[in-house]
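Under this note's numbering, the first residue of the sequence shown carries the number 5, and numbering increases by one thereafter.
Built from N, CA and C at the ideal position, the CB exists for glycine as well.
Bear in mind the structure is a predicted one, so any value in this text is a computation, not a measurement.
Some notes on the structure that comes next.
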Amino acid sequence: MKLRAVELRRIAMPLVGPFRTSFGTQYERDILLLKAITDEAEGWGECVALIDPMYSPEYLASEIDVLKRFFLPVFAEGAGKAALEQFGAYAVADRLHHFKGHRMAKAALEMAVLDAELRAGRRSLARELGGVHATVPSGVSVGIFESIPQLLDVVGGYLAEGYVRIKLKIEPGWDVEPVRAVRETYGDDVLLQVDANTAYTLRDARHLARLDEFGLLLIEQPMEEDDVVGHADLAKVVQTPICLDESIVSAQTAAAAIRLGACQIINIKPGRVGGYLEAVRIHDLAEAHGLAVWCGGMIESGLGRAANAALASLPGFTLPGDISASGRFYKVDITEPFVLEDGRIRVPTGPGLGVTPIPEVLDEVTTSVETVEL
Ligand code: OSB
Ligand code: MG
């Protein structure tokens, strides 16, 4: 396959409501989409970087810059171009490995090339990655609210919609009481977990152990991303299984975290780890070690949501992911919306991602487009 050009498109989509986490509040999602234009087909990539470097060091403008300045030129000529022609999507991570970080940009480019290749070969992403399920269970991530009654209302609404797992965002001052309230109101059968997005330190270990009585599935990334050893220490104090998100940026960091006993569960986000192909490696590694994994979310549009559903259909994804219906975040999605069916999301079966942006909707949310010829 010959990569002729890559279109970089920024879109802005309003969220149905503010989404507050321990690192900030989002009202709108600004997303970079890549379209790989090849001699055989076009493919879509979605960059999950947020507008600010608050979740990870990456941010949208940095990813656009690194793509244009360093990554795309690699495939314009010489060995990079030849590798891409011979190995397709597998060449992307390999030829970009010597550039540090910016995994979300690498992942987006790999996703676009992979989608183009699969569309050309009429193979689905789920089939390509090793998926085995036609649908995946759908969990929902619930932000921090001003009051517990407000939170209970929102959680009740999601349960009524059929979500099979609730994840509560927590931070110091919003942890034990909201969890207790949800348990007391909705019962012990609700699959419930929490996500701190690095808001605590090891000094909070005793406090976090107070969550043990609520039978949570897991506590996600309680401490800083670099504090892998701290998570191993925390695991000795709290009974709730520890799940890492921000700390796991590659199969190598996953292997280290597993060896140290820093986590019993891994949240796999393809963007954070440099792409869907690396995500599969982490899935395989975790499976070999007997760890459960689940697919995280980055408030994706229908494109990223489609790819995440494909990934989550692999056999080691034994916990419900943050793959909610499009309507959880967006009134209008740029693709056919993903909907809940009995608490599950259908894995697309068409070529590549199996979904395509609806041109009129895409145009409406687009804030800029530029094309880099290769
Ligand atoms: O930590 O999982 C997270 C959204 C943005 C950045 C980080 C996270 C999240 C979520 C939302 O929790 C997950 C989703 O897309 O449903
Ligand atoms: Mg998280």
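Going straight from the alpha carbon of residue i to that of residue j, what length do you get?
i, j, result
"V365", "I338", "6 Å"
"S145", "T202", "16 Å"
"T139", "E291", "20 Å"
"R348", "Q197", "18 Å"
"A311", "L357", "6 Å"
"A116", "G47", "5 Å"
"T244", "I223", "7 Å"
"L129", "L122", "7 Å"
"D34", "A86", "33 Å"
"L54", "E62", "8 Å"
"E114", "R210", "42 Å"
"K39", "D208", "45 Å"
"E340", "P361", "8 Å"
"F27", "T205", "15 Å"
"V10", "P226", "38 Å"
"R99", "E282", "14 Å"
"V183", "G160", "13 Å"
"V94", "T375", "Per the sequence shown, residue 94 should be read as Tyr rather than Val. Cα to Cα, Y94 sits roughly 23 Å from T375."
"R169", "L163", "8 Å"
"D179", "P355", "43 Å"
"R263", "G191", "35 Å"
"S251", "A259", "12 Å"
"L307", "A266", "32 Å"
"L289", "A255", "7 Å"
"L248", "A239", "12 Å"
"A45", "V369", "24 Å"
"N271", "C299", "6 Å"
"V359", "I269", "30 Å"
"L221", "L195", "7 Å"
"T322", "G143", "12 Å"
"T371", "H287", "35 Å"
"H101", "V373", "27 Å"
So the candidates are the options; which of them puts its Cα closest to the Cα of residue i?
i, options, result
"R24", "V359, G354, E175", "E175"
"L36", "D326, L64, G28, T42", "L64"
"I152", "D231, R187, V136, E165", "R187"
"T353", "H137, G82, E282, K72", "H137"
"P77", "S60, F103, V297", "F103"
"S328", "K171, V70, D199, P18", "K171"
"K110", "L133, F79, Q90, R127", "F79"
"A316", "G84, P57, G234, L133", "L133"
"E345", "R126, L318, Y167", "Y167"
"V241", "L215, D230, D231", "L215"
"L12", "F75, L323, C299", "F75"
"T231", "L221, L220, F218, I246", "One detail in the question is off: residue 231 reads as Asp in this sequence, not Thr. The residue with the shortest Cα to Cα distance from D231 is I246."
"A185", "A200, E165, A213, E217", "E217"
"M17", "E32, K6, L7", "E32"
"L378", "P22, T42, L19, R14", "T42"
"S330", "A97, E165, L295", "E165"
Could you tell me which residues DSSP pairs with residue i in its beta bridges?
i, result
"G47", "A40"
"R397", "Residue 397 cannot be examined here, being either before or after the span of the chain that is shown, 5 to 378."
"C299", "I272"
"C247", "E224, I269"
"G325", "S142"
"E304", "Per DSSP, none; premise fails for E304."
"T25", "G28"
"G356", "S128"
"I286", "DSSP lists no partner for I286."
"A9", "I41, E377"
"R348", "P141, E345"
"T371", "According to DSSP, T371 bridges with nothing at all."
Are there any heavy atoms of ligand 4 lying less than 7 Å away from the beta-carbon of residue i, as far as the coordinates show?
i, result
"N271", "The model depicted lacks ligand 4 and carries ligand 1 and ligand 2 instead."
Worksheet entry | Length-filtered (3 minimum) beta strand (DSSP E) runs lying within the region 77-144 | 139-141
Worksheet item: Which residues have their C-beta within less than 6 Å of a heavy atom of ligand 1, listed in chain order?
Response: Y59, S145, D199, N201, D249, G300, G301, M302, I303, D326, S328
Fill in: Ordered list of beta strand (DSSP E) runs contained in the region 190-243, each at least 3 residues
195-199
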